[in-house]
Amino acid sequence: AVTVDQSLSYLVSNVKPGATARLDILRNGKPVVANVVVVPRPSADKLAAVVGGDAQGFGSDDGDDGDDSATPAAPTAGAALGIGVQPLTPAIAQAVGVEASTQGVVIAVVAQTSDAYGKLKRGDVIISVNGTPVRTAVDVQNAVNVAKAAGRPQVLLQVKRGRSPATFLPVKIK
967 AVTVDQSLSY
977 LVSNVKPGAT
987 ARLDILRNGK
997 PVVANVVVVP
1007 RPSADKLAAV
1017 VGGDAQGFGS
1027 DDGDDGDDSA
1037 TPAAPTAGAA
1047 LGIGVQPLTP
1057 AIAQAVGVEA
1067 STQGVVIAVV
1077 AQTSDAYGKL
1087 KRGDVIISVN
1097 GTPVRTAVDV
1107 QNAVNVAKAA
1117 GRPQVLLQVK
1127 RGRSPATFLP
1137 VKIK
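Each residue of the sequence shown is one higher than the one before, counting from 967 in the working numbering.
Structure, rendered in structure tokens:
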């Protein structure tokens, strides 16, 4: 079950473009099955032109190489770190290979121009920021704001990648 609207885009991003995916949908309370062909997501600039707003500097996802840059799921939440995050649902936890009991936010995008690039990648789970547990994009932003207000140039992220033990990584604030 997809419980957060951004979860669907994350799950679809794990399907190769051109492949057919089955969607079980509830429409007006009735189950409907739709078979859809997955296509590459438009670049951030093209998407911004269609839906309004700007590209937030997060790069583009042309679907050709599984690159860690993509259109952001929650661009403002981690913008100061150069990442986009979304809540970790049970379905996403399974997709990224972390234990179902893991709590945190999943990285949906990493800006190539950020300090996070090369340290973090899409699918990593942030458990805490500067020792404060995070469960939502707002939690991440609040922790970054506290660090900024204290004059800190970076934050310390506790990150889990797949079944590996969690590690701590410093990331500079933009």
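Here a beta-carbon is modelled for each residue, glycine too, at the ideal position from N, C-alpha and C.
Remember, predicted model here, so these are calculated numbers, not experimental data.
Residue i versus residue j: straight-line alpha-carbon distance, rounded
i, j, result
"Val981", "Gly1089", "14 angstroms"
"Ile1049", "Ala1074", "7 angstroms"
"Glu1065", "Thr1102", "18 angstroms"
"Ala1059", "Ala1113", "28 angstroms"
"Lys996", "Ala1057", "22 angstroms"
"Val1002", "Ala1115", "47 angstroms"
"Pro1099", "Ser1080", "23 angstroms"
"Gly1084", "Ser1130", "17 angstroms"
"Leu1141", "Leu1135", "Past the boundaries of the shown model lies residue 1141; the chain is included only from 967 to 1140, so the question cannot be answered."
Whether residue i touches residue j by CB criterion (8 angstroms)
i, j, result
"Pro1119", "Ile1092", "no"
"Val1121", "Thr1133", "no"
"Thr1068", "Leu1086", "no"
"Leu992", "Ala1000", "no"
"Val1062", "Val1072", "yes"
Other residues of its chain near residue i: CB distance less than 8 angstroms, five sequence neighbours each side excluded
i, result
"Val978", "Ala987, Val1004"
"Val1110", "Gly1044, Ala1046, Leu1047, Val1095, Val1121, Ile1139"
First through last residue of the beta strand (DSSP E) which encompasses residue i
i, result
"Val1095", "1091-1095"
"Ile991", "986-993"
"Pro1053", "1049-1053"
Residues near residue i in its chain [Cβ-Cβ closer than 7 angstroms; skip 5 each side]
i, result
"Ala1082", "Leu1047, Gly1048, Ile1049, Val1076, Val1137"
"Asp1105", "none"
"Val998", "Ile991"
Cross-strand partners of residue i (DSSP beta bridge)
i, result
"Gln1124", "Ser1094, Phe1134"
"Ala1000", "Leu989"
"Ile1073", "Val1051"
Start-to-end residues for the alpha helix (DSSP H) that takes in residue i
i, result
"Pro1056", "1056-1062"
Neighbourhood of residue i by C-beta distance below 6 angstroms, restricted to the same chain and skipping five residues each side
i, result
"Asp1033", "With a pLDDT of only 40 at Asp1033, under 50, the local geometry of the prediction cannot be trusted, and no value is derived from it."
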